[in-house]
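Residue numbers (the working numbering): 930 to 1149.
Here the structure comes first, spelled out in structure tokens, and everything after it is commentary.
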Amino acid sequence: PRSTLFPYTTLFRSLASYDLGNDSQTYASISRGFRKGGANVVFDPRTLQLIPGIPNYYSPDTTTNYEIGWKTAFPRAKATLEAALYHINWHNIQVQQMAAIPGTQGQQYFVNAGAAKVDGIELESALELLPGLRGQFSFSFLNPVLTQNEPGTDCFRGCPGRAGDRIPYVSRITGSATLNYHHTLVTGWTGFAVWSEQYTGSRNTDFSPTTPAGQPNVFF
930 PRSTLFPYTT
940 LFRSLASYDL
950 GNDSQTYASI
960 SRGFRKGGAN
970 VVFDPRTLQL
980 IPGIPNYYSP
990 DTTTNYEIGW
1000 KTAFPRAKAT
1010 LEAALYHINW
1020 HNIQVQQMAA
1030 IPGTQGQQYF
1040 VNAGAAKVDG
1050 IELESALELL
1060 PGLRGQFSFS
1070 FLNPVLTQNE
1080 PGTDCFRGCP
1090 GRAGDRIPYV
1100 SRITGSATLN
1110 YHHTLVTGWT
1120 GFAVWSEQYT
1130 GSRNTDFSPT
1140 TPAGQPNVFF
């Protein structure tokens, strides 16, 4: 029988691509993913009494993902370039909350909120700069936000998120640059060196942009 606590989830992926010629290709995909639910700790470990307000279980959350992209190669320059646009609908999103227990730091638990979305663009490229020296570069811009209010009003640790708040622990801007150098030392032996830099923008630590004390929920 179908469970209301742990309902069945249908997963799928559909992909279509088209060869544009001249070493170029475009594609579009639709897919669905999920994250399983689970059980919460509902008893105070000191007294074994039920903690008010904590649900016994939280349900799976699901995503529906839409992506279109373009890939091309430049054989003479030994270079590639890729670009992608995507949109993610996130349903029944799992969020952390904290129940206040006198004399303790509280008890963390999970609930299901409403929905969120992520819109983004990604760019990747690679290029042979010199014989044996290859560079790889990437850039990503995301707009991850709640589209429905998070349930509850408790501001023990952080106030519940509201539609338009950013999803925590996700940076809007990320990027990377890598240089790989390979050189033959002697027959059968090759030396290499790698230099890599990564950039990650600021991230919220909670859906709510501020703590109950008015401090920003942001780290860098």
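Backbone N, C-alpha and C define an ideal beta-carbon position, used for all residues, glycine too.
Please read these numbers as outputs of a predicted model, since none were measured by experiment.
By the neighbour-count criterion, in which 16 or more other beta carbons inside 10 Å mark a residue as buried, I1022 falls on the buried side. With respect to S1105, N1041 sits apart: the two C-beta atoms are not nearer than 7 Å. Taking a C-beta distance under 7 Å as the contact criterion, T1001 and L1014 do not qualify as a contact pair. Secondary structure of A1042 (DSSP, three-state): coil. Going by C-alpha positions, S1131 is about 30 Å away from A957. F1039 is the residue among Y1128, T976, L1062, F1039 whose C-alpha sits nearest the C-alpha of P1080. In chain order, L1010, F1066 place their CB closer than 6 Å to the CB of S1054, counting only its own chain and leaving out the 5 sequence neighbours on each side.
Residue range 942-950 is occupied by the beta strand (DSSP E) that includes L949.
C-alpha of H1111 to C-alpha of T939: approximately 46 Å in a straight line. K1000: member of the beta strand (DSSP E) spanning 990-1003, first to last residue. Under the 10 Å beta carbon count, R1091 is surrounded by fewer than 16 other beta carbons and is classified as exposed. About 6 Å separates the Cβ atoms of G966 and Y986, confirming a contact at the 8 Å cut-off.
At least 7 Å separates the beta-carbon of N1078 from that of K1046. Look at A1006 here: in three-state DSSP terms it is helix. Where A1122 is concerned, the enclosing beta strand (DSSP E) starts and stops at 1118-1129.
CA-CA distance, E1051 to R1101, rounds to 11 Å. P1097: not part of any beta strand (DSSP E); DSSP gives it neither H nor E.
Bridge partners of I1017 according to DSSP: N994, V1047. Ranked by Cα distance from R942, the options E996, I983, G1064, T955 are led by E996. Residue state for V970 is assigned as coil, using DSSP reduced to three classes. Nearest to E1126 by C-alpha distance, out of P1097, L1075, F1068, R1095, is F1068. L1062: member of the beta strand (DSSP E) spanning 1062-1075, first to last residue.
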